[in-house]
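Peer 1:
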Ligand SMILES: Cc1cc2nc3c(=O)[nH]c(=O)nc-3n(C[C@H](O)[C@H](O)[C@H](O)COP(=O)(O)OP(=O)(O)OC[C@H]3O[C@@H](n4cnc5c(N)ncnc54)[C@H](O)[C@@H]3O)c2cc1C
Ligand SMILES: Nc1ncnc2c1ncn2[C@@H]1O[C@H](COP(=O)(O)O)[C@@H](O)[C@H]1O
């Protein structure tokens, strides 16, 4: 553990909120908010991940962490509030209105702007999903404040009591730390699976602060004509799979990708690939893993014929165990793998599948 | 139909290298390209123009050298190009960038009414996807992000229907013009410019605007001054302390290697062994 980590865990007193050059008092902004992304009755798990992260920031600052739930007057909306408490929120700010049934930029931006201006949080976190990015960009503009996208690390800078948001830059080759010093709230988005899922405490509850939405359907220009749900085949749950096997250009040709799928099937996991493989159409585009694809956090990640470029690395570093199979002993993937095999993936993959199949059969016989 | 397309010239990040000793970016000799995501938006705009008539104006905020990227857009078939360039824009974050671009679009709209604005889904250097929504808010336009398909445009009624990618499905949205659209990658393919356009691009004189020309009366909302975010530190990702445990392969069959790997894995992570194959 580095000195910085220890520092983050203690709740040392931090400097009071800064005053802006023009004299505006920023200390009226208080507390950490996490936007709870409720779409079509379901909460995106990234919201819980952010509550875990928000809790750490709030503890360090000595302030509460709150969930913010916008949705229709429906049981799912209240269930989202309960979920927020169970994943760590001290309180929930709730806005219910039929116009919030499906996501649209205008009513959501208007609702959140109203909530922020009324209750004044100092930090606001959102998931970097299609919804979260659409909303965050609009919200930061109406609030005229700073927004840092796709953060990989959030901490508090004690000296300025500001959020130090770290994100990859220049195509992932470098990281940069960004502060919003003179504006509040400080906004940040984080991609799904970048932060760990916090422990759920079933039955934990807290205070719900309900605030009325002032938006009526007649005020909203954009209408939803219909919603076409993805077919199950397209709904790759890759980001949330516990076991992931991936293949890269080193597999040589599309037919060889079956070796990856076979191993994933035996392990009971999902499969994905590096960018060249999805770009070449060997597998579907939404199975790309990495900076411009999905971030994964499995218990086990097996990469075959993948060099381990930085853009791939940032998407898989959260895995508990990484096994790399590559015939080049100097491949960068061995720099961050847990286990390494220098060899031909076309031979090692089927051998692994076979060995596992036998072990699983033996386990089954013993059970 | 008049469409404004916002493009950005970016370093080809595939070719950026970090200096191994000093940890700084080695920019020398890194070629620049048009942000790849912007090309899907430019192509969609060109298609709409071809269908409805009118013109496509391409704009960018950047250094003089961005003229090259704008001329490239002319060679693809864009009609006009404006470079927004001024010292006051230096150091802009996304809020300041959207302010400058929105002001420019409003200025263009004064002489040639703007029906639609296109932005890329995101850039590959800034990579924030914030500038598009920022422009839309400032101009009071509806924003349609992650559009996979423009289904219908009715210019007379001022209506548009698009398919927007969302988590778990596609929203079919109807809204009014003017609006701002960002296209999803892969939604179309950039055309090859015609010979005529290629020649036109070579001769084309890109119009250059400073903040005054763009109608900006509050330069303190631009550049570093107008940027709420401050970059405190840039650094290379720290190397991992523990090196990979390598499985010996010398003189072993693939099956022996596989078994050695699994033995090593399950010895260290016994819980995994009970969890696999479920
Ligand atoms: C802006 C930007 C974003 C990007 N985003 C992503 C992203 O999200 N995800 C991503 O993956 N990449 C991304 N990339 C691309 C990335 O930089 C790399 O080019 C890419 O990850 C390389 O893929 P690869 O490892 O499959 O192919 P290669 O780099 O070609 O590596 C193939 C590897 O296979 C090994 N090999 C060859 N034959 C065999 C064999 N028979 N058995 C075993 N090993 C073998 C080789 O030694 C080599 O290490 C991005 C790049 C940029 C510029
Ligand atoms: N300096 C700029 N000039 C013109 N357009 C820009 C500029 N920066 C961003 N954009 C547009 O905004 C989109 C999103 O950029 P970003 O928020 O940086 O990811 C880009 O794809 C461009 O269309």
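Protein chains in written order, with this note's numbering: chain A, 479 to 845; chain U, 79 to 356.
Note that the Cβ used here is the ideal one computed from N, Cα and C, for glycine as well.
All of these numbers come straight from a predicted model, not from anything done at the bench.
1) Using the Cα positions of residue 246 of chain U and residue 597 of chain A, report the straight-line distance between them to the nearest angstrom.
2) Less than 7 Å between CB atoms is the rule here; does residue 112 of chain U satisfy it with respect to chain A?
3) CB-CB under 7 Å to residue 732 of chain A, same chain, minus the five flanking residues each way: which ones, in chain order?
4) Note down, in chain order, each residue of its chain lying with its Cβ closer than 6 Å to the Cβ of residue 261 of chain U, except the 5 sequence neighbours on either side.
5) Skipping 5 residues on each side, what residues in its chain have a beta carbon closer than 6 Å to that of residue 589 of chain A?
6) Establish whether the CB of residue 187 of chain U and some CB of chain A are separated by less than 7 Å.
7) Measure the Cβ-Cβ separation of residue 678 of chain A and residue 564 of chain A and say whether it is below 7 Å.
8) Compute the beta-carbon to beta-carbon distance between residue 698 of chain A and residue 585 of chain A, rounded to the nearest angstrom, for a pair I have assumed lies under 8 Å.
9) When we look at the beta-carbon of residue 349 of chain U and count the other beta-carbons within 10 Å, is it buried (16 or more) or exposed?
10) Residues of chain A with CB under 8 Å from residue 81 of chain U, in chain order?
11) Expressed to the nearest angstrom, what Euclidean distance is found between the alpha-carbon atoms of residue 480 of chain A and residue 331 of chain U?
12) Who are the neighbours of residue 634 of chain A on chain U, taking C-beta pairs under 9 Å?
13) If we ignore side chains and look at the alpha-carbon of each, how far apart do residue 164 of chain U and residue 575 of chain A end up?
14) Using a beta-carbon distance below 7 Å, is residue 139 of chain U in contact with chain A?
15) Under 7 Å, CB to CB, which of the residues in the stretch 143-165 of chain U have a partner in chain A?
16) Measuring alpha carbon to alpha carbon, tell me which of A:553, A:535, A:566, A:739 ends up nearest residue 545 of chain A.
17) Looking at the strands, I want to know which residues DSSP matches up with residue 849 of chain A.
18) Under a three-way DSSP split, which group does residue 718 of chain A fall into?
19) Going along the chain, which residues of its own chain have a beta-carbon closer than 7 Å to the beta-carbon of residue 428 of chain A, five neighbours each way excluded?
20) Per DSSP, what kind of secondary structure is residue 154 of chain U in: helix, strand or coil?
21) Which residue comes first and which comes last in the alpha helix (DSSP H) that contains residue 782 of chain A?
22) Contact between the stretch 628-642 of chain A and the stretch 211-230 of chain U: three or more CB pairs below 8 Å?
23) Could you tell me whether the Cβ of residue 700 of chain A comes closer than 7 Å to any Cβ of chain U?
24) Residue 313 of chain U: buried (16+ other C-beta within 10 angstroms of its C-beta) or exposed?
25) Please tell me whether residue 650 of chain A and residue 789 of chain A are closer than 7 Å, where the distance is taken between their beta carbons.
26) Whole angstroms are fine: how far does the CA of residue 230 of chain U sit from the CA of residue 530 of chain A?
27) Going by Cα to Cα distance, which pick from A:521, A:599, A:818 is closest to residue 561 of chain A?
28) Rounding to the nearest angstrom, what Cα-Cα distance links residue 519 of chain A and residue 582 of chain A in this structure?
29) Can we count residue 752 of chain A as close to ligand 1, meaning its CB is less than 6 Å from some heavy atom?
30) Does the count of Cβ pairs from the stretch 296-314 of chain U and the stretch 170-187 of chain U closer than 8 Å reach three?
31) So, under 8 Å CB-CB, residue 268 of chain U and residue 154 of chain U are touching, yes? Tell me the CB distance rounded to an integer number of Å.
32) Reducing DSSP to helix, strand and coil, say where residue 756 of chain A ends up.
33) Taking the beta strand (DSSP E) that residue 257 of chain U belongs to, which residues open and close that run?
34) Beta carbons nearer than 9 Å to chain A: which residues of the stretch 115-134 of chain U have them?
35) When the Cα of residue 719 of chain A is compared with those of A:746, A:741, A:730, which residue comes out closest?
36) Which parts of the stretch 183-256 of chain U are runs of the alpha helix (DSSP H), unbroken and 4 residues or longer, counting only runs that do not cross its ends?
Peer 2: So, from the listed chains and residues:
1) The residue labelled residue 246 of chain U in the question sits at position 168 within the second chain. The residue labelled residue 597 of chain A in the question sits at position 119 within the first chain. Going by C-alpha positions, residue 246 of chain U is about 32 Å away from residue 597 of chain A.
2) For the purposes of this step, residue 112 of chain U is taken as residue 34 along the second chain, with counting starting at 1. No, residue 112 of chain U does not count as interfacial toward chain A.
3) To locate residue 732 of chain A, count along the first chain from 1; it is residue 254. Correct list, in chain order: 760.
4) For this step, residue 261 of chain U is matched to residue 183 along the second chain. Only 118, 119, 122, 225 meet the Cβ criterion.
5) The residue given as residue 589 of chain A occupies position 111 in the first chain. If we look at residue 589 of chain A and ignore the five residues flanking it on each side, its Cβ neighbours are 548, 573, 691.
6) Translated into positions along the second chain, residue 187 of chain U becomes position 109. Chain A, which has no Cβ nearer than 7 Å to the Cβ of residue 187 of chain U, makes this no.
7) Your numbering for residue 678 of chain A matches position 200 in the first chain. Your numbering for residue 564 of chain A matches position 86 in the first chain. Yes, the Cβ-Cβ distance between residue 678 of chain A and residue 564 of chain A is below 7 Å.
8) Sequence index remark: in the first chain, residue 698 of chain A carries index 220 (1-based). Sequence index remark: in the first chain, residue 585 of chain A carries index 107 (1-based). Right, the Cβ-Cβ distance comes to about 6 Å (below 8 Å), so this counts as a contact.
9) As a first step, residue 349 of chain U is located in the second chain; it is residue number 271 there, counting from the start. Burial call: exposed.
10) In the second chain, counting from the first residue as 1, residue 81 of chain U sits at position 3. Against residue 81 of chain U, chain A offers no close residue; the least beta-carbon distance is about 19 Å (beta-carbon pairs closer than 8 Å).
11) By 1-based counting over the first chain, the position of residue 480 of chain A is 2. By 1-based counting over the second chain, the position of residue 331 of chain U is 253. Residue confidence is low: residue 480 of chain A scores 33 on pLDDT, short of 50, so the model does not pin down where it sits. Its coordinate-derived value is still stated next. The straight-line gap from Cα to Cα measures roughly 42 Å.
12) Taking the first residue of the first chain as position 1, residue 634 of chain A is located at position 156. Ordered by position in chain U, no residue passes the 9 Å Cβ test against residue 634 of chain A, which lies about 13 Å from the chain.
13) The count along the second chain starts at 1 and reaches residue 164 of chain U at position 86. The count along the first chain starts at 1 and reaches residue 575 of chain A at position 97. Cα to Cα, the separation comes out at about 45 Å.
14) Your numbering for residue 139 of chain U matches position 61 in the second chain. Residue 139 of chain U is outside the set of residues whose beta carbon lies under 7 Å from a beta carbon in chain A.
15) none
16) Within the first chain, numbered from 1, the residue matching residue 545 of chain A stands at position 67. Selected option, being the one with the closest Cα: A:566.
17) Here chain A covers residues 479 to 845 and nothing more, so residue 849 of chain A does not appear.
18) Position 240 of the first chain, counting from 1, holds the residue named residue 718 of chain A. Of the three classes helix, strand and coil, the one that applies to residue 718 of chain A here is helix, per DSSP.
19) Outside the displayed span of chain A (479 to 845) sits residue 428 of chain A, for which this structure offers no information.
20) To locate residue 154 of chain U, count along the second chain from 1; it is residue 76. If DSSP states are grouped into helix, strand and coil, residue 154 of chain U belongs with the helices.
21) In the first chain, the residue the question calls residue 782 of chain A occupies position 304. Counting along the chain, residue 782 of chain A falls outside any alpha helix (DSSP H), though it belongs to the beta strand (DSSP E) covering 778-782.
22) The stretch 628-642 of chain A, when compared against the stretch 211-230 of chain U, does not touch it at the 8 Å Cβ threshold.
23) Here residue 700 of chain A is taken as the residue at index 222 of the first chain, counted from 1. Residue 700 of chain A counts as touching chain U.
24) Numbered from 1 along the second chain, position 235 holds the residue referred to as residue 313 of chain U. Classification for residue 313 of chain U: exposed.
25) Stepping through the first chain from its first residue, residue 650 of chain A is reached at position 172. Stepping through the first chain from its first residue, residue 789 of chain A is reached at position 311. In contact: residue 650 of chain A and residue 789 of chain A (Cβ atoms closer than 7 Å).
26) Translated into the one-based positions of the first chain, residue 530 of chain A becomes position 52. Translated into the one-based positions of the second chain, residue 230 of chain U becomes position 152. The alpha-carbon atoms of residue 530 of chain A and residue 230 of chain U are separated by roughly 43 Å.
27) Translated into positions along the first chain, residue 561 of chain A becomes position 83. Here the closest residue by C-alpha is A:521.
28) For the purposes of this step, residue 519 of chain A is taken as the residue at position 41 of the first chain. For the purposes of this step, residue 582 of chain A is taken as the residue at position 104 of the first chain. The straight-line gap from Cα to Cα measures roughly 15 Å.
29) In the first chain, residue 752 of chain A corresponds to position 274, counting from 1. Yes, the beta carbon of residue 752 of chain A sits closer than 6 Å to at least one heavy atom of ligand 1.
30) Three or more Cβ pairs closer than 8 Å define a contact, and the stretch 296-314 of chain U meets that threshold against the stretch 170-187 of chain U.
31) By 1-based counting over the second chain, the position of residue 268 of chain U is 190. By 1-based counting over the second chain, the position of residue 154 of chain U is 76. Indeed, because the Cβ distance is near 7 Å, the residues count as touching under 8 Å.
32) Counting from 1 along the first chain, the entry for residue 756 of chain A is found at position 278. Correct three-state label for residue 756 of chain A: helix.
33) If you number the second chain from 1, residue 257 of chain U lands on position 179. It spans 257-261 - the beta strand (DSSP E) in which residue 257 of chain U sits, taken as one unbroken run.
34) none
35) Mapped onto the first chain, residue 719 of chain A falls at position 241. Put simply, of A:746, A:741, A:730 the residue whose alpha carbon is nearest the alpha carbon of residue 719 of chain A is A:746.
36) 209-217
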